[in-house]
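Asks: Following the working numbering, the numbering of the sequence shown begins with 5 at its first residue and continues without gaps.
Can you keep this structure in mind? I'll have questions shortly.
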Amino acid sequence: MVEKLAMVAIVGDVHGQWSSADSEALQALGLDLVLFVGDFGNEAVSIVEQIATVPLPKAVILGNHDVYYTASKKRQKDCPYDLTKEDRLQQQLDALGACHIGFSKLEVPSCAVTVVGARPYSWGGAQWRHQQFYQTRCQVGSFEESRARICAVAETAEQDSLIFLGHNGPAGLGNQVYDMCGRDWKPQGGDYGDPDFAAAIAHTQHTGKHVALVVFGHMHHELRHDKTRLRRRLMVDDHGTVYVNGAQVPRVIETKTGWQRSFTLVTLQAGRVQTVRLVWLNALADIVSEEYLYP
Numbered sequence: 005m006v007e008k009l010a011m012v013a014i015v016g017d018v019h020g021q022w023s024s025a026d027s028e029a030l031q032a033l034g035l036d037l038v039l040f041v042g043d044f045g046n047e048a049v050s051i052v053e054q055i056a057t058v059p060l061p062k063a064v065i066l067g068n069h070d071v072y073y074t075a076s077k078k079r080q081k082d083c084p085y086d087l088t089k090e091d092r093l094q095q096q097l098d099a100l101g102a103c104h105i106g107f108s109k110l111e112v113p114s115c116a117v118t119v120v121g122a123r124p125y126s127w128g129g130a131q132w133r134h135q136q137f138y139q140t141r142c143q144v145g146s147f148e149e150s151r152a153r154i155c156a157v158a159e160t161a162e163q164d165s166l167i168f169l170g171h172n173g174p175a176g177l178g179n180q181v182y183d184m185c186g187r188d189w190k191p192q193g194g195d196y197g198d199p200d201f202a203a204a205i206a207h208t209q210h211t212g213k214h215v216a217l218v219v220f221g222h223m224h225h226e227l228r229h230d231k232t233r234l235r236r237r238l239m240v241d242d243h244g245t246v247y248v249n250g251a252q253v254p255r256v257i258e259t260k261t262g263w264q265r266s267f268t269l270v271t272l273q274a275g276r277v278q279t280v281r282l283v284w285l286n287a288l289a290d291i292v293s294e295e296y297l298y299p
C-alpha cells in the first residue's frame, strides 16, 4: 500500500506582511501542516494573534524581531511601550500556546513526522548573545545547554522521521555570502549558522532517527550587497536531510495583475521529502508561478 502524500507549507519571515488573505490562501492549498519560521514584526502581537487563529495544524518558532525590544538592552531605550507594564513576548507566547515549539515539539502522525523546535529568538552566529535574556526566559546559558535541550526533545519524538524548525539555520552549510546562512553584510562572508542547532541535528542523525527536513529563515533570499544572485535556498546532506531556507522577503508583492504571496511547499511521503517548490499565489489563491527547488 502506497502511503498518501502530505503537503507542508513553510511561511518565511513575515515582517508585517500578513492579512486574512494569507490565511485563506493556506486553507485553499489543502495543507496537512504549516511551519512558521518567525520574525512576524518588531514584537507584533496583533499579527501573532492572527496567525494563532489559522485553522490548520501548525508549528511556530519566534525569531529575533519577535523579541526586538525585550531581549536587547540597547534597543530598550527606544521601546515604544512601557516594558515595566507590558510583556509583549509573553503576549505572543500566550496567543500561540502549544503552537510555539521553541525547545518543544509537535507530533504530526498524519504526516508521519515529529516537528522539533530549535532555540527560539536566534540572531545567528557563533557568539552567544543576550545572556541574561536567554537565562531568564529559556533557562539556557550557553550553546551546549541549548544543544542538550533540543536533543532531549528529539529523543522523545514518537515518529521515526523528524522535521527540525528553527528561526536561524544551523552552522555548517557554507561560509560564502550566498550560502544558506552566509553572512552577506560583510564582503568576506562567513558562516552565521547556529552551532547548537547543527550539533543537535548531527546528534539526532546518529541516534537512528531520520531527520527528513530542516526548516528555517532569518537570512533573507536577497543579498545585502550582491544583487547579481540570490541566496542558496536548499541543500541536502550526506544523511539525506533536506535543508530549506524559507526567508523569501518580501513574501507579498504587488504585480501588474495584482497582489501575490509566496509560500514554500514540501510534499512528504512516509516521512520522506519528495518535492520542494516555491510558489506564488494570486488574490484568488491560485498558483500563478512555481519553482522546483527539489529534486
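Where is the CB? At the ideal position from N, CA and C, for every residue including glycine.
From a predicted model like this one, the values you see are computed outputs, not experimental measurements.
Judging by CA-CA distance, which residue of 280, 77, 80 is the nearest neighbour of residue 295?
Replies: Against the sequence shown, residue 295 aligns to sequence position 291. The shortest C-alpha separation from residue 295 is found at 280.
Asks: Tell me which same chain residues have a C-beta within less than 8 Å of the C-beta of residue 211, skipping the five on either side of it?
Replies: Numbered from 1 along the sequence shown, position 207 holds the residue referred to as residue 211. Correct list, in chain order: 158, 159.
Asks: Which residue spans inside the region 216–294 form an unbroken beta strand (DSSP E) run of at least 3?
Replies: Counting whole runs of 3 or more residues, the region 216–294 contains the beta strand (DSSP E) stretches 238–240, 246–249, 256–259, 262–273, 276–285.
Asks: Return the residue from the list 147, 33, 250, 230 that minimises the CA-CA distance to residue 203.
Replies: Residue numbering aside, residue 203 sits at position 199 when the sequence shown is read from its first letter. Cα-wise, what sits closest to residue 203 is 147.
Asks: Taking its Cβ as the centre, do 16 or more other Cβ atoms sit within 10 Å of residue 156, making it buried, or is it exposed?
Replies: For the purposes of this step, residue 156 is identified with residue 152 of the sequence shown, where counting begins at 1. That one is exposed.
Asks: Closest to residue 267 by CA distance: which of 193, 255, 278 is it?
Replies: Stepping through the sequence shown from its first residue, residue 267 is reached at position 263. Looking at the Cα atoms, 255 is the closest of the given residues.
Asks: Taking residue 111 as part of the alpha helix (DSSP H), name the residues at either end of that continuous run.
Replies: Here residue 111 refers to the residue found at position 107 when the sequence shown is read from its first residue. Segment 109–112 is the beta strand (DSSP E) holding residue 111; no alpha helix (DSSP H) there.
Asks: Drop a sphere of 10 angstroms on the beta-carbon of residue 23, count the other beta-carbons inside from all chains shown, and report buried for 16 or more, exposed for fewer.
Replies: What you label residue 23 is simply residue 19 of the sequence shown in a count that begins at 1. That one is exposed.
Asks: Determine contact between the region 68–87 and the region 21–41, defined as no fewer than three beta-carbon pairs at a distance below 8 Å.
Replies: Contact fails: fewer than three Cβ-Cβ distances are below 8 Å.
Asks: Identify the continuous alpha helix (DSSP H) that holds residue 140 and give its terminal residues.
Replies: Against the sequence shown, residue 140 aligns to sequence position 136. First-last of the alpha helix (DSSP H) with residue 140: 135–142.
Asks: State the start and end residues of the unbroken alpha helix (DSSP H) segment that holds residue 97.
Replies: As a first step, residue 97 is located in the sequence shown; it is residue number 93 there, counting from the start. First-last of the alpha helix (DSSP H) with residue 97: 92–100.
Asks: Quick one: give me the first and last residue of the beta strand (DSSP E) that residue 118 is part of.
Replies: One-based indexing of the sequence shown puts residue 118 at position 114. Run containing residue 118: 117–121, per the beta strand (DSSP E) assignment.
Asks: Report buried or exposed for residue 270, applying the criterion of at least 16 other Cβ atoms within 10 angstroms of its Cβ.
Replies: Numbered from 1 along the sequence shown, position 266 holds the residue referred to as residue 270. Answer is buried; the Cβ neighbour count reaches 16.
Asks: Shorter than 7 Å, the distance from the beta carbon of residue 285 to the closest heavy atom of the ligand NAD, or not?
Replies: No copy of the ligand NAD occurs in the structure displayed, which carries no ligand at all.
Asks: Tell me whether residue 284 is buried or exposed, calling it buried when 16 or more other Cβ atoms sit within 10 Å of its Cβ.
Replies: In the sequence shown, the residue the question calls residue 284 occupies position 280. Answer is buried; the Cβ neighbour count reaches 16.
Asks: Spatial neighbours of residue 96 within its chain, please: C-beta separation below 7 Å, excluding the five flanking residues on both sides.
Replies: Position 92 of the sequence shown holds residue 96. So the list reads 49, 52, 66, 70, once near-sequence residues are dropped.
Asks: Quick one: using the 10 Å Cβ neighbour count with 16 as the cut-off for buried, is residue 9 buried or exposed?
Replies: Residue 9 sits at position 5 when you count from the first residue of the sequence shown. Classification of residue 9: exposed, given that the 10 Å Cβ count is below 16.
Asks: Check each candidate in 33, 17, 18, 56 and name the one with the smallest Cα separation from residue 289.
Replies: If you number the sequence shown from 1, residue 289 lands on position 285. The option with the nearest alpha carbon to residue 289 is 33.
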